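Taking it in order: structure first as structure tokens, then the write-up.
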Amino acid sequence: MNWTNIITIVLAGILTENMVLSKFLGICPFLGVSKKTNTAVSMGIAVTLVMLLATAVTYPIQIYILDRFGLGYLQTIVFILIIAALVQLVEIVLKKYIPPLYKALGVYLPLITTNCAVLGITMLNFTNERITNYPEALFNALGAGLGFLFAMFIFSGVRTRLETSNIPESLKGLPITLVSAAIVSLSFLGFAGIVG
Amino acid sequence: MNPILIAVIIVSAIGLIAGLGLSIASVLMAVKTDEKVEALRAELPGANCGACGYSGCDGYAEALAKGEAKPGACAPGGAEMNAKLGEILGVAVEMTEPMVATVKCNGTCDHVQNKMHYTGVSSCKAANMMYGGTLACSFGCLGFGDCQQACQYGAITVINGKAVVDPDKCTACTACAKACPKSIIEMMPKERAYAKVVCSNKDKGAVARKVCEVACIGCTKCAKVCPHGAVTIENNLARIDPDKCTACGACVEACPSKCIAL
Chain C
1 MNWTNIITIV
11 LAGILTENMV
21 LSKFLGICPF
31 LGVSKKTNTA
41 VSMGIAVTLV
51 MLLATAVTYP
61 IQIYILDRFG
71 LGYLQTIVFI
81 LIIAALVQLV
91 EIVLKKYIPP
101 LYKALGVYLP
111 LITTNCAVLG
121 ITMLNFTNER
131 ITNYPEALFN
141 ALGAGLGFLF
151 AMFIFSGVRT
161 RLETSNIPES
171 LKGLPITLVS
181 AAIVSLSFLG
191 FAGIVG
Chain R
1 MNPILIAVII
11 VSAIGLIAGL
21 GLSIASVLMA
31 VKTDEKVEAL
41 RAELPGANCG
51 ACGYSGCDGY
61 AEALAKGEAK
71 PGACAPGGAE
81 MNAKLGEILG
91 VAVEMTEPMV
101 ATVKCNGTCD
111 HVQNKMHYTG
121 VSSCKAANMM
131 YGGTLACSFG
141 CLGFGDCQQA
151 CQYGAITVIN
161 GKAVVDPDKC
171 TACTACAKAC
181 PKSIIEMMPK
191 ERAYAKVVCS
201 NKDKGAVARK
211 VCEVACIGCT
221 KCAKVCPHGA
231 VTIENNLARI
241 DPDKCTACGA
251 CVEACPSKCI
261 AL
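Protein chains in written order, with my numbering: chain C, 1 to 196; chain R, 1 to 262.
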């Protein structure tokens, strides 16, 4: 295994190719659950977990089933099916064995079912030229998940500051959130080019 | 084989495996939930206000099912809903008396002086940290509306620099009382008639009068005229016991600063 390549993949997932701030995937939870830092971090952890699991399952399915039978065009529908089932399974397992975590994640877990960042990472695994084998795909998912977590954490900090600022009446609520999201995204543009 | 057939077979096979896996998992890892808790939770209003003393409606439902809590503590639900809780549990309900949030301050902008020109964050909590807020009276309603924001029912509006409660909308959930940095919102009986002192100023009479025209100056006139002994003066502030008060109105007439309301 090429460790330099893996470090590059993880760093790219967190900084230069950040799911939310550079690829604009998973904006819904980014705006929806970033009001408080703890919920934002819980959501980030849940997404990271599901991304890893989803990649672990979908990568072999693409290679051994879809590609073998020439069914590449079914990728989206099959992946959605698998992610939905997987999230349900994770929910059942958590409810049984780790109830505190289940309670902490609450409604966010089922919400991930339709999170485009999760579907995005499973599909991007096959278009990214850095990824050539199974472990690299898993590290890519880990990097993307950590990037999502990172973005959620930063943005929740920005939003707590927004709560106490004097905002013009017409910009209150979603408008100012979108403006600040754009500025945070701009700041991530500064990382462009540092990862080969 | 027909490629369409292969596609159909593979997608259905994946779906079938996922479905079977999920149903097996749900049977194997079933978590027993108390039916009572769910029935109770369905009745509760879901405001998660905490007036019952538990972390939210879920917490109250669980405590009820375990027998730790008694029905009747849910203020937003009202008597009818609490009776239903009692039916589910099979116990008699002792409904707590309906209460309403009462702002114990009369200091609108016309009556009370300001001691500073404040341009900071528009919240009572923030203003209170700055030398106790904008008002010259250090006990009065600051009027930035922290309580208004805390109220889930839209029962509080700040009118002329003072919070006003709409008793029809108020459910006595105590969210506003917790949000008020001056702690001048109190839950008082809703349906009985009684006189109440709408002031929280504990300064001596001369000081209180100087900062606000309608402050209680602790002159004890109300205590003297009350035929039922319902009024007590503590720390230069009159307090009327709603249980003893008969709403005769003697104190309202006697009060020189008109800070007693019926």
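Positions of the beta carbon are idealized from the N, C-alpha and C atoms, including for glycine. Just so we're clear, the structure is a prediction, and the values are computed from it rather than from any experiment.
Item	Value
Excluding the five sequence neighbours on either side, which residues of its own chain have a C-beta within less than 6 angstroms of the C-beta of Asn-38(C), listed in chain order?	none
Taking buried to mean at least 16 other C-beta atoms within 10 Å of its own C-beta, is Arg-192(R) buried or exposed?	exposed
Can you give me the Cβ contacts of Ala-177(R) inside the same chain, cut-off strictly under 6 angstroms, excluding the 5 residues immediately before and after it?	Ile-185
Comparing C-alpha positions only, which one of Gly-145(C), Lys-35(C), Thr-114(C) sits nearest to Ile-45(C)?	Gly-145(C)
Compare the beta carbon distance of Cys-151(R) and Val-198(R) with 8 angstroms and say whether it is the shorter of the two.	no
By the three-class DSSP mapping on this structure, what secondary structure does Leu-237(R) have?	strand
So within the region 79-111 of chain R, which uninterrupted beta strand (DSSP E) runs reach at least 3 residues, ignoring any that extend past its ends?	99-103
Cβ of Ile-4(R) less than 8 angstroms from any chain C Cβ?	no
Rounded to a whole number of angstroms, what is the C-alpha to C-alpha distance between Val-20(C) and Phe-155(C)?	11 angstroms
What span of residues does the alpha helix (DSSP H) with Val-57(C) cover, start to end?	37-61
What residues in its chain sit with their C-beta under 6 angstroms from that of Val-113(R), if we drop five residues either side in the sequence?	For the sequence presented, residue 113(R) should be read as Gln rather than Val. Ala-136, Val-211.
Tell me the start and end of each unbroken alpha helix (DSSP H) in the region 9-39 of chain R that is at least 4 residues and wholly inside, in chain order.	none
Using a Cβ-Cβ distance cut-off of 8 angstroms, determine whether Phe-155(C) contacts chain R.	no
Using only alpha-carbon positions, find the residue among Gln-75(C), Thr-58(C), Gln-62(C), Ile-98(C) that is nearest to Leu-86(C).	Thr-58(C)
Taking all protein chains shown into account, do 16 or more other C-beta atoms lie within 10 angstroms of the C-beta of Tyr-108(C), making it buried, or fewer, making it exposed?	buried
Would you give the residue range spanned by the alpha helix (DSSP H) that Glu-91(C) belongs to?	75-97
Could you run through the region 71-93 of chain C and flag, in chain order, every residue whose CB is less than 9 angstroms away from some CB of chain R?	Leu-71, Tyr-73, Leu-74, Ile-77, Val-78, Leu-81, Ile-82, Ala-84, Ala-85, Leu-86, Gln-88, Leu-89, Ile-92, Val-93
Strictly below 7 angstroms CB to CB, what residues from chain R border Phe-69(C)?	Ile-6, Ile-10
Let me confirm a value: Tyr-60(R) is counted as buried when at least 16 other C-beta atoms fall within 10 Å, else exposed. Which label applies?	buried
Relative to the C-alpha of Gly-205(R), which candidate in Val-225(R), Pro-256(R), Ala-172(R), Cys-173(R) has its C-alpha closest?	Pro-256(R)
Under the three-state reduction of DSSP, which class applies to Glu-213(R): helix, strand or coil?	coil
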